[in-house]
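Chemist: With our numbering as the guide, the letters of the sequence shown map in order to residues 168 to 543.
Positions of the beta carbon are idealized from the N, C-alpha and C atoms, including for glycine.
In this text, all values refer to a predicted model and were calculated from it rather than measured experimentally.
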Amino acid sequence: MDSPRLGRLLNPHLAELEEYAPIEPFEVLSARLGIPAERIVKLDANENPYGPLPAVTEALARYSHFHIYPDPRQSALCEALGAFIGVPASHIVAGHGADELLDYLCRLFLAPGDAAINTPPTFGMYSFDAKLAGAKVVDVPRRDDFSVDIKAVEAAVEAHRAKLVFLTSPNNPSGHWLTDRALERVLALPAVVVLDEAYVEFADPPSRAARVLDHDNLVVLRTFSKAAGIAGLRLGYGVFPPWLMQALLKFKQPYNVNVAASVAGLASLRSARRIEAVVRKIKAERTRLYGLLDALPGIQAVPASQGNFILCRILGRDARGLKLALEHNGILVRHYDKPGLEGCIRISVGRPEHTDALIGALRDLFGALAPDAPGS
Ligand SMILES: *Cc1c(COP(=O)(O)O)cnc(C)c1O
């Protein structure tokens, strides 16, 4: 409830924040639609449909020190992460999801009056966190093919003396890969470049994490939420240049990564080979999903996604209506009310049976919604 008397005590830059639109929890949705949770096909949040490996849940069940506080320096986890990505552990900080590290970066660099560069359509947390810190978010829209307009980024950094540039590769929701040439040009700017690689495991080109060793203005963020399948446990990590490590270790909450996330992360890293096998399965399914979507008349899939999702333009009908119709069939996809994504939905790559359910429902819906168009 608003209190006019006390409301004015709120930090003024927070009053302008747009409300964050969360996804409806799927238990709630299951009750609302009257569809049992296990029958819901959840393709709206890019989660790994296979979940964590049995080795991870077994490690959690075996662990017996949940009553002891975590290690604030995250030594064991960062050593294992360093070995996994080929960077010394002294460059790594883990977070309560990559999201927490984004928030840290914004609060470390941005104050009211400062600027950060965002390249929409992209992940929403960059502008959310920058605004939370009171900063101005300068949007440099992507081109129609979702590539980053580097010239415009260069001009915006100069014009606004921007401190941070957020880049995402593969980009969410387009799946677009940022080229080396583009990355190098942005790294030449007098700003800190935050490269978010939440989906890099699903990409054909390799991670740029090790490039942090050659660039003192590059930060690379990664996560266990997507490929490793533990989004609910909240574990991400960043690779930072030495000067920023010092600042971060002073700044971060001492117990920001909980013990369960750490145990699950270590067990996942020990099973990295088996996670790679799951990733290969998801990539194969992405190819199959592309083929099936391309065969549908009312859908134009944005090509060459390097993530575990496919952005689709819906032709000749309302994208939101289509999303709601799918929801009635227990199939969840993501719809956006954002510039650059008009008429689009994003579909996460699920298990083969999820693809089959989705394509079946789309064929039915297209038949029912547009009797004059071919149904399949
Ligand atoms: C999902 C996602 C994240 C969030 O990662 P967490 O580790 O779950 O906080 C970060 N960046 C992008 C682009 C994402 O899509």
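Determine, using beta carbons only, whether Pro237 and Tyr404 come nearer to each other than 8 Å.
Modeler: Taking the first residue of the sequence shown as position 1, residue 237 is located at position 70. Taking the first residue of the sequence shown as position 1, residue 404 is located at position 237. Their beta carbons are not under 8 Å apart, which means Pro237 does not touch Tyr404 by this criterion.
Chemist: Given Ala204, which residues of its chain have a CB within under 7 Å of its CB, disregarding the five upstream and five downstream residues?
Modeler: On the sequence shown, residue 204 is found 37 positions in, with the first residue counted as 1. So the qualifying residues of the chain are Phe193, Glu194, Ser197.
Chemist: Please classify His495: is it buried, with 16 or more other beta-carbons within 10 angstroms of its beta-carbon, or exposed?
Modeler: Counting from one through the sequence shown, the residue named residue 495 turns up at place 328. Per the 10 Å Cβ criterion, exposed.
Chemist: Between Leu277 and Ala283, is the Cβ-Cβ spacing less than 8 Å?
Modeler: Walking along the sequence shown from the start, residue 277 turns up at place 110. Walking along the sequence shown from the start, residue 283 turns up at place 116. In contact: Leu277 and Ala283 (Cβ atoms closer than 8 Å).
Chemist: Just to check, is the beta-carbon of Lys419 closer than 7 Å to a non-hydrogen atom of ligand 2?
Modeler: By its list of ligands, the structure shown excludes ligand 2, since it contains just ligand 1.
Chemist: Measure the alpha-carbon distance for Phe251 versus Lys490 and round it to whole angstroms.
Modeler: Residue 251 sits at position 84 when you count from the first residue of the sequence shown. Residue 490 sits at position 323 when you count from the first residue of the sequence shown. For Phe251 and Lys490, the distance between alpha carbons rounds to 39 Å.
Chemist: Cutting at 8 Å between CB atoms, please list the residues of its own chain near Pro408, excluding the five before and the five after it.
Modeler: The residue given as residue 408 occupies position 241 in the sequence shown. Contacts found: His258, Val379, His382, Asp383, Asn384, Leu385, Val386.
Chemist: On the DSSP bridge list, what partners appear for Phe476?
Modeler: On the sequence shown, position 309 is the one that residue 476 refers to. Note: Phe476 sits in a beta bridge opposite Ser515.
Chemist: Kindly give me the distance between the Cβ atoms of Leu210 and Ile514, rounded to whole angstroms, as I take these residues to be in contact under 8 Å.
Modeler: To locate residue 210, count along the sequence shown from 1; it is residue 43. To locate residue 514, count along the sequence shown from 1; it is residue 347. Sure, about 5 Å apart at Cβ, within 8 Å.
Chemist: So Ala341 and Leu478 are in contact, right, with Cβ under 8 Å, and what is the actual spacing, rounded?
Modeler: The count along the sequence shown starts at 1 and reaches residue 341 at position 174. The count along the sequence shown starts at 1 and reaches residue 478 at position 311. The question names Ala, but residue 341 in the sequence shown is Ser. Contact holds; Cβ gap of about 5 Å.
Chemist: Any heavy atom of ligand 1 inside 7 Å of the beta-carbon of Ala365?
Modeler: Here residue 365 corresponds to residue number 198 of the sequence shown, with the count starting at 1. Result yes, Cβ under 7 Å from ligand 1.
Chemist: Quick one: measure Cβ to Cβ for Met353 and Leu331, integer angstroms, because I've assumed they're closer than 8 Å.
Modeler: What you label residue 353 is simply residue 186 of the sequence shown in a count that begins at 1. What you label residue 331 is simply residue 164 of the sequence shown in a count that begins at 1. Correcting the residue identity first, residue 353 is Val in this sequence and not Met. Val353 to Leu331, Cβ: 11 Å. No contact.
Chemist: Would Ala370 and Pro337 be called neighbours here (beta carbons separated by less than 8 Å)?
Modeler: Working through the sequence shown from its first residue, we reach residue 370 at position 203. Working through the sequence shown from its first residue, we reach residue 337 at position 170. Contact flag set, yes.
Chemist: Residues bridged to Tyr404 by DSSP?
Modeler: Numbered from 1 along the sequence shown, position 237 holds the residue referred to as residue 404. Its beta-bridge partners are Ala261, Arg389.
Chemist: Exposed or buried, which one is Leu147 when buried takes at least 16 other CB atoms within 10 Å?
Modeler: In the structure as shown, the chain begins at 168 and stops at 543. Residue 147 is therefore absent and cannot be evaluated.
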